[in-house]
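Read the structure below first, then the notes.
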Amino acid sequence: MGNNVSIGLLGLGVVGSGVIKLVEEHQEKLIHQLGCDVQVKSVLVRDLEKTRGVAIDQSFLTTNPDDVLNDPEIDIVVEVMGGIDLAREYILKAFAAKKHVVTANKDLVALYGPELQEVASRNKCDFYYEASVAGGIPILRGIVDGLASDRIQQVMGIVNGTTNYILTKMNTEGLSYDTALKQAQELGFAEADPTADVEGLDAARKMAILGRLSFSTDVDLEDVEVSGITNIEIEDLEYGKQLGYTMKLIGFANFDNQQLEINVQPTLLSNNHPLSDVKNEYNAVYVYGKAVGETMFYGPGAGSLPTATAIMSDVIAAIKNMRLGVSGNQFVEYHFKKVLKTPEQRFGQYYVRLHAKDEVGVFSSISTLFNDLNISFKRILQNPNKKAETAEIVVVTHQTSLENFQKALENLNELQAVLEVNSYYKVEGDVAK
Numbered sequence: 001m002g003n004n005v006s007i008g009l010l011g012l013g014v015v016g017s018g019v020i021k022l023v024e025e026h027q028e029k030l031i032h033q034l035g036c037d038v039q040v041k042s043v044l045v046r047d048l049e050k051t052r053g054v055a056i057d058q059s060f061l062t063t064n065p066d067d068v069l070n071d072p073e074i075d076i077v078v079e080v081m082g083g084i085d086l087a088r089e090y091i092l093k094a095f096a097a098k099k100h101v102v103t104a105n106k107d108l109v110a111l112y113g114p115e116l117q118e119v120a121s122r123n124k125c126d127f128y129y130e131a132s133v134a135g136g137i138p139i140l141r142g143i144v145d146g147l148a149s150d151r152i153q154q155v156m157g158i159v160n161g162t163t164n165y166i167l168t169k170m171n172t173e174g175l176s177y178d179t180a181l182k183q184a185q186e187l188g189f190a191e192a193d194p195t196a197d198v199e200g201l202d203a204a205r206k207m208a209i210l211g212r213l214s215f216s217t218d219v220d221l222e223d224v225e226v227s228g229i230t231n232i233e234i235e236d237l238e239y240g241k242q243l244g245y246t247m248k249l250i251g252f253a254n255f256d257n258q259q260l261e262i263n264v265q266p267t268l269l270s271n272n273h274p275l276s277d278v279k280n281e282y283n284a285v286y287v288y289g290k291a292v293g294e295t296m297f298y299g300p301g302a303g304s305l306p307t308a309t310a311i312m313s314d315v316i317a318a319i320k321n322m323r324l325g326v327s328g329n330q331f332v333e334y335h336f337k338k339v340l341k342t343p344e345q346r347f348g349q350y351y352v353r354l355h356a357k358d359e360v361g362v363f364s365s366i367s368t369l370f371n372d373l374n375i376s377f378k379r380i381l382q383n384p385n386k387k388a389e390t391a392e393i394v395v396v397t398h399q400t401s402l403e404n405f406q407k408a409l410e411n412l413n414e415l416q417a418v419l420e421v422n423s424y425y426k427v428e429g430d431v432a433k
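The UniProt record's numbering puts the first residue of the sequence shown at 1, with every later residue one more than the last.
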């Protein structure tokens with residue numbers, strides 16, 4: 001390796017433009033840190049004529065992937081084109097050509113991360129993907145390097161800015177879901193088709209990646225149970241406020257006794273939990289380690305320069321490895337065989353809102369139903385509607401198994417006095433587990 005490292009970019013959208021800006025503007029710091037020049041040599045684009053958000057010499061642009069993947073002068077390939085199948089094909093070609101790869105592609109890493117890591121290792125190449133989770137927050141490096149000697153027991157995160165923005169507006173301004181979504185789209189925080197964000201799929205992909213690295217076990221995307229925010233009603237946010245909770249879409253992963261629980265779901269978060277203050281499009285990941293205790297990583301979860309910063313941190317790591325002659329050594333076999341917790345092994349508190357007949361003995365029968373399953377109530381709210389002769393009842397349970405809570409829901413639906421179970425959510429209150 002000489003005094004010049006060349007990068008090839010696959011894609012020149014918002015993030016790719018950010019990478020080029022950082023390489024140009026931080027050249028002096030890169031030379032100081034690495035002792036060599038870092039230059040972008042070739043960029044794969046779909047359309048050579050398109051107007052770019054960054055000044056770049058047209059001669060650097062190509063529509064032929066081989067100009068990046070088979071150029072012997074290019075040391076590192078940065079994949080920021082998105083999509084899955086074509087990106088995977090190009091990355092495998094890059095490894096075959098002995099090139100290191102840095103990607104921001106969470107969809108790809110969630111589905112094929114372990115396979116790509118193995119191929120990279122076989123070819124003595126580095127494969128880094130810091131930018132795939134939580135944009136500019138150095139969460140993956142924090143877990144893999146910073147907490148390397150600890151045993152991480154729990155990871156909870158707000159890892160999707162779109163849903164956090166929508167829920168913040170619903171909670172603070174009383175906007176409906178539809179109005180908040182429209183506002184997020186107008187500001188560029190939500191896509192024209194927001195399905196992947198609002199249904200929790202984007203967060204699930206990130207939690208699969210976080211789970212693998214946090215617990216050294218092979219988490220597949222289908223292991224992550226997912227529910228989104230599209231059915232959340234203002235009433236539940238209002239009751240949440242009365243009870244001291246804030247609604248957030250939370251990615252949750254817990255690992256104890258070598259057993260895994262991992263999910264993404266709307267959660268009523270106690271106002272004393274540090275994640276409850278994370279607002280608008282910001283992301284945060286709370287990590288609980290046996291030795292370190294509580295830590296929280298907070299920052300912008302997307303955007304051109306924040307994401308490009310994470311990509312460049314990976315590029316710098318790959319260059320340092322090249323200079324030390326230790327490339328392709330970061331892959332370690334998973335330490336634990338994956339065992340998913342059953343509903344009887346998963347514990348939590350739950351919020352339930354229901355409508356019942358406003359009659360003598362109704363609440364007593366509901367209480368008995370929960371007591372029979374050893375579920376006690378922590379909080380109770382009851383709002384009678386005299387005109388309709390109904391009552392809206394909200395309860396928050398103490399800790400119980402998911403199995404017992406699911407049985408309680410079934411039994412509630414069969415109780416004649418209960419007209420409708422409107423909603424139920426997990427409650428997260430205590431910080432340390």
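Built from N, CA and C at the ideal position, the CB exists for glycine as well.
Query	Result
Roughly how many angstroms separate the alpha carbons of residue 320 and residue 39, rounded to a whole number?	15 Å
Nearest to residue 389 by alpha carbon, out of 342, 414, 262 and 362?	362
If you measure between the beta carbons of residue 351 and residue 397, is that distance less than 9 Å?	yes
DSSP three-state label for residue 247, please.	strand
May I ask you to verify whether the region 32-50 touches the region 108-119, counting CB pairs closer than 8 Å and requiring at least 3?	no
Does DSSP classify residue 369 as helix, strand or coil?	helix
For residue 70 and residue 246, what's the separation of their Cα atoms in angstroms?	51 Å
As an exercise, report each continuous beta strand (DSSP E) stretch of at least 3 residues that is fully enclosed by the UniProt domain "ACT" (351-426), in chain order.	377-385 and 390-397
Look at the alpha carbon of residue 104 and the alpha carbon of residue 375, and state the distance between them as a whole number of angstroms.	44 Å
To the nearest angstrom, how far is it from the Cα of residue 290 to the Cα of residue 405?	28 Å
In chain order, which beta strand (DSSP E) runs of at least 3 residues are fully inside the region 73-99?	76-79
Take residue 142 as the anchor and find which of 189, 269, 297 and 251 has the nearest alpha-carbon.	297
Report buried or exposed for residue 354, applying the criterion of at least 16 other Cβ atoms within 10 angstroms of its Cβ.	buried
Which residue from 377, 357 and 386 puts its Cα closest to that of residue 421?	357
Can you give the Cα-Cα distance for residue 79 and residue 127, rounded to whole angstroms?	11 Å
For residue 35 and residue 3, I'd like the C-alpha separation in whole angstroms.	7 Å
Write down the C-beta distance between residue 17 and residue 52 rounded to the nearest angstrom, noting that I regard them as a contact closer than 8 Å.	7 Å
According to DSSP, simplified to helix, strand and coil, what is residue 18?	helix
If you reduce the DSSP assignment to three classes, tell me which class residue 431 lands in.	Interpretation of residue 431 is limited by its pLDDT of 42, a score under 50 that renders its predicted location unreliable; no figure is taken from the coordinates.
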